[in-house]
Amino acid sequence: MKVEIRKWRVAIYGLALAASVVFVSFYGGPLPYVLMYAMVLLLPVSIVYTIINYMNLKVYQEIDTVKVTKGELHNYRATIENAFIFPVYKLGIYLYEDRCIMESLTGDLVYSLNSKEKIELKSEIKCKYAGAYDIGIEKISLEDPFGIYKVILDVPYKFRAVVSPQITDMASKAIEIENIFNNRGLSSDNLVQEIPGSDIRPYVPGDSFHSINWKLSAKIGDIMVRIPDNMERQTVTMLLLADEKEEDKYTITALKRRDYFLEFIVSAAWYFASEDMPVKFIYPAGRISQFTVDSKKSFSEFYSIVADGIFYNSPGVYKDLKNTLNDQGKGVYGEDTWIVVTENPKENEEFCRIY
């Protein structure tokens, strides 16, 4: 809460109050006393009036879709209602202009609402950063009827958007993904894919046409297929060290950092999915969680949760993630290729490291 006092109006009020006291002292009688008590009660009554207005102010915000993507335009609507019988005088509206762009609204919006009146604000909105954060109306301001003060308050009902990151090629450029599997790939005992083998048998309904040996089939006059073999698929592990600082995660600096972090993650996941290369993500989601992306379908599932699914609920989770990284350094995970992405790297620490 922030209170702005108009000093010259306070001075006028003080002079009027002093004059009413002098008036009572010299003349007495009902009228001077009525004027004096009116001046004495003017400021307290104005404060109570402001509190009542704030308590009965209803603000509802919405976007036309539940899936918001960074940089895309969406239809935004805010409904502001005065639910009480007292009118609201000079209601100011302040927007989150540092994190979203309102095409039809600006930050200097002032309205007055009569009893039970409501207004609608409509605009196209564009979110600047990926992640989960409040957008739309940030604060409101209320003035007393005499213009002595203005109080700036948080909006009664905030609107949080979950903004998905854009998919770019930034990750493939940064870590040279195309070279990882040529030089450092791991063969997994759990992830396998079928390839045509060397053994032959007659075709049965349901066999893949890709497994038919056409040359042999033409030679013997019967359709023959190759029995598939299981080939171990190469994998890579990405450890996501999200920033453990919770107190400043909604500052613009932190939002920009999270935006870059998320865009890097989904870009890497998309590249792996496009190449049918499994990648296992280890990340905090209240606790340490794992998600394997090995196809475009699994990428879609991962993409739908990544915007607001990476967070800590206790300092211990961050320590556990660091211990996981230490275990990798000790060879606990064998020769697996690890990519460690640190959201807020410290001095002399890289944003992306490959082990």
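Residue numbering for the sequence shown follows our numbering, beginning at 265 and increasing consecutively. Positions of the beta carbon are idealized from the N, C-alpha and C atoms, including for glycine.
{"Query": "Would you say Ile-529 and Ala-549 are within 8 Å of each other, going by their C-beta atoms?", "Result": "no"}
{"Query": "Please confirm whether Tyr-353 and Glu-388 have their CB atoms less than 8 Å apart.", "Result": "no"}
{"Query": "From Thr-314 to Tyr-413, what distance separates their C-alpha atoms?", "Result": "10 Å"}
{"Query": "Candidates Val-427, Ile-431, Leu-373, Lys-380: which alpha carbon is nearest Lys-403's?", "Result": "Leu-373"}
{"Query": "List the endpoints of the continuous beta strand (DSSP E) containing Ala-549.", "Result": "543-550"}
{"Query": "Exposed or buried, what is Ala-425 when buried is set at 16 or more other beta-carbons lying within 10 Å of its beta-carbon?", "Result": "buried"}
{"Query": "How would you write the range of the beta strand (DSSP E) that Arg-617 sits in, first residue to last?", "Result": "616-618"}
{"Query": "I'd like the list of long-range same chain contacts for Leu-369, defined as Cβ closer than 7 Å, with 5 residues on each side in sequence excluded.", "Result": "Leu-359, Leu-385, Ser-387"}
{"Query": "Rounded to whole angstroms, what is the Cα-Cα separation between Gly-589 and Val-604?", "Result": "Before going on, a small fix: residue 589 reads as Leu here, not Gly. Those two C-alpha atoms are separated by around 8 Å."}
{"Query": "Would you tell me roughly how many angstroms separate the C-alpha atoms of Ile-552 and Leu-504, rounded to the nearest one?", "Result": "10 Å"}
{"Query": "Suppose only complete runs of 3+ residues qualify. What are the beta strand (DSSP E) ranges in the stretch 277-333, listed by chain order?", "Result": "321-327"}
{"Query": "For Ala-549, would you say it is in contact with chain B, using Cβ-to-Cβ distances shorter than 8 Å as the test?", "Result": "Among the chains of the structure shown, chain B does not appear; only one protein chain is present."}
{"Query": "Determine, using beta-carbon pairs with one atom in the stretch 514-531 and one in the stretch 391-401, whether at least three such pairs fall under 8 Å.", "Result": "yes"}
{"Query": "Just reading off the beta strand (DSSP E) that Thr-606 is part of, what are its end residues?", "Result": "602-606"}
{"Query": "Output needed for Arg-620: all residues of its chain with C-beta closer than 6 Å, excluding positions within five of it in sequence on either side, in chain order.", "Result": "As shown, the chain starts at 265 and ends at 619. That puts residue 620 outside it, with no answer to give."}
{"Query": "Report buried or exposed for Ser-284, applying the criterion of at least 16 other Cβ atoms within 10 angstroms of its Cβ.", "Result": "buried"}
{"Query": "Taking only the alpha-carbon atoms, compute the straight-line gap between Tyr-619 and Gln-554 and give it to the nearest angstrom.", "Result": "19 Å"}
{"Query": "Are the CB atoms of Ser-531 and Ala-435 nearer to each other than 8 Å?", "Result": "yes"}
{"Query": "In chain order, what residues of the same chain have a beta carbon less than 8 Å from the beta carbon of Val-596, not counting five sequence neighbours either side?", "Result": "The predicted position of Val-596 is uncertain, since its pLDDT is 43 and thus under 50; a value taken from the coordinates is nonetheless stated next. Excluding residues within five positions, none has a Cβ falling inside 8 Å."}
{"Query": "Apart from the five residues just before and just after Leu-519, which ones in its own chain have a Cβ nearer than 7 Å to its Cβ?", "Result": "Arg-363, Tyr-393, Gly-395, Tyr-397"}
{"Query": "Take the Cβ of Ala-482 as the centre, count every other Cβ of all protein chains shown within 10 Å, and call the residue buried at 16 or more, exposed below.", "Result": "exposed"}
{"Query": "Based on Cα-Cα distance, which residue from Gly-411, Glu-565, Gly-371, Asn-320 lies nearest to Arg-273?", "Result": "Gly-411"}
{"Query": "For the beta strand (DSSP E) containing Thr-343, list its first residue and its last residue.", "Result": "337-346"}
{"Query": "For Asp-512, collect the residues of the same chain with a Cβ closer than 8 Å to its Cβ; drop the 5 residues on either side in sequence, then sort them by chain order.", "Result": "Ala-518"}
{"Query": "Would you tell me roughly how many angstroms separate the C-alpha atoms of Ile-383 and Asn-608, rounded to the nearest one?", "Result": "42 Å"}
{"Query": "Using only CA atoms, which one of Tyr-421, Gly-580, Val-543, Glu-611 lies nearest to Thr-343?", "Result": "Tyr-421"}
{"Query": "Using 8 Å for Cβ pairs, my map puts Val-427 next to Val-332. What's the rounded Cβ distance?", "Result": "5 Å"}
{"Query": "Classify Glu-268 as helix, strand or coil using the three-state DSSP reduction.", "Result": "strand"}
{"Query": "How many Å lie between Asp-486 and Pro-469 at the Cα?", "Result": "14 Å"}
{"Query": "In this structure, does DSSP put Leu-519 in helix, strand or coil?", "Result": "helix"}
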